[in-house]
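Structure first, then comments.
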Amino acid sequence: MCGRVFLKTTIPDMVRRFEFAHPGEVERLGNSFPLWNGAPSLTYPIIIREELSTSVAGFVSARWGLVPGWARGGGGRPPPVNARCETIASNGMFRKAYASRRCLVPVDGYFEWQKLDSSGKKKQPYAIATKDDQPFAMAGLWEEYADEVTGELIRIFAIVTCEPNSLMATIHGRMPVILAPADYMRWLGPEPDPRDLTKPFPSDLMKMWPIGSMVGSPRNNTPDIIDEIGRGPSDLFEVQIKLPRQPTTGSDAAANHQCCCCRPSRRAASFRSMSIWSRIASASDNCNSRLSG
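FYI, in the working numbering the residues of the sequence shown are 1 to 293.
As structure tokens, this is what we get:
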């Protein structure tokens with residue numbers, strides 16, 4: 001599946017990248033982007049074909065999560081954010097949108113989690129992008145409805161997924177359908193069933209890298225979300241220091257040093273703190289010496 005994306009490209013630059021589509025209303029989203037940790041229910045720029053009888057495409061804003069009108073308001077379950085390519089032509093949830101309301105979802109990349117144990121509780125997040133570091137378009141489906149209170153027209157969308165390519169298969173069983181630029185207008189066009197486009201994107205044009213756990217919460221929305229583990233500037237002089245743990249009781253715990261590997265008592269805190277910083281300084285000097293050499 002694909003349940004989290006990132007857009008590091010600004011709205012004006014995204015419009016220039018997809019120059020075949022006119023800007024439309026999407027420029028008003030400018031203050032919301034870049035978006036480093038985009039989750040479902042947020043509003044995104046998508047590209048639709050305004051009239052199937054014409055070749056005019058344009059940017060519009062849409063909320064991630066698609067529920068057709070007949071299914072809306074039932075059960076309170078979260079709306080689907082993905083649509084499996086194998087069943088979109090027959091699934092009542094997506095059938096009409098697939099036939100006549102397909103869209104492009106421009107992004108710079110997306111996130112996926114690799115299960116590290118059989119329980120599925122331990123996972124490693126990855127960021128995935130194209131090797132050229134340029135925005136690309138995922139295949140999507142869209143619907144629209146009028147808000148019952150305000151009457152405002154609201155667009156919603158889902159991302160189409162397919163079997164993984166050889167790169168993605170190493171961490172997950174699905175991937176979003178990524179379209180080649182030459183296929184953009186065909187996906188947007190009147191053809192009722194362009195199913196041959198819903199295939200895995202070539203592995204040799206993609207890259208992925210492990211990232212930290214900050215991505216787990218959509219409230220975290222900073223550029224360092226996509227930093228590769230062990231490659232950030234703050235990791236250059238990382239030093240692991242292990243000191244013997246001291247038994248603590250009662251009020252001693254409140255005064256403990258909060259390092260995960262070092263919990264000295266109050267009496268030894270000052271001495272050990274000095275020892276830690278002297279070791280860090282020594283390690284940094286040694287590392288600087290190696291780099292300059």
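Note that beta-carbon positions come from the ideal geometry of N, C-alpha and C, so glycine has one too.
None of the values given here were measured: they were computed from a predicted structure.
Minimum Cα-Cα distance from methionine 214 among the listed residues Lys123, Ile171, Met14 corresponds to Lys123. Secondary structure of serine 55 (DSSP, three-state): coil.
Residue Leu66 holds the alpha-carbon nearest to the alpha-carbon of arginine 102 among Met14, Arg77, Leu66, Phe201. Just so you know, the alpha carbons of glycine 58 and arginine 16 end up roughly 12 Å apart. Rounded to the nearest angstrom, the Cβ distance from alanine 97 to leucine 141 is 4 Å, consistent with a contact under 8 Å.
Runs of the beta strand (DSSP E) lying entirely within the segment 69-137, each at least 3 residues long, are 82-84, 102-107, 109-115, 123-130 in chain order. In terms of Cα proximity to isoleucine 46, the closest of Leu197, Ala137, Glu191, Ser119 is Ala137. Around histidine 172, the same chain offers Glu112, Gln114, Pro164 as residues with beta carbons nearer than 7 Å, after the five sequence neighbours per side are excluded. In the three-state scheme derived from DSSP, where H, G and I count as helix and E and B as strand, valine 5 is classed as strand. Residue pairing for lysine 207: DSSP places it in a beta bridge opposite Ala129. Closest in alpha carbon position to serine 32, among Gly24, Gly109, Leu42, is Leu42. Its chain contains Cys85, Ala89 as the residues whose beta carbon lies nearer than 8 Å to that of arginine 195, once the 5 sequence neighbours on both sides are disregarded; these appear in chain order. In this structure, proline 218 places its C-beta atom within 7 Å of the C-beta atom of asparagine 37. When the beta-carbon positions are compared, leucine 7 and proline 40 stay at least 7 Å from each other.
Less than 7 Å divides the Cβ of methionine 206 from the Cβ of threonine 130.
Excluding its 5 nearest sequence neighbours in each direction, leucine 116 has C-beta neighbours in its own chain below 8 Å: Lys122, Lys123, Gln124, listed in chain order.
For proline 164, the secondary structure class from DSSP, reduced to helix, strand or coil, is coil. Val177 is the residue among Ser55, Ala182, Val177 whose C-alpha sits nearest the C-alpha of cysteine 2.
Bridge partners of valine 60 according to DSSP: Ile46. Between the alpha carbons of serine 61 and aspartate 204 lies a distance of about 31 Å. For leucine 104 against leucine 197, the beta-carbon gap comes to about 11 Å, at or over 8 Å, which does not count as contact. When only Cα atoms are considered, proline 79 and threonine 161 end up about 16 Å apart. Collapsing the DSSP output to three states places glutamate 143 in a strand.
Sorting Ala158, Met175, Glu27 by C-alpha distance to the C-alpha of arginine 95 places Ala158 at the top.
The Cβ-Cβ distance between glycine 216 and isoleucine 229 does not fall below 7 Å. Between methionine 14 and isoleucine 128, the gap from beta carbon to beta carbon reaches 7 Å or more. For glycine 38, the secondary structure class from DSSP, reduced to helix, strand or coil, is strand.
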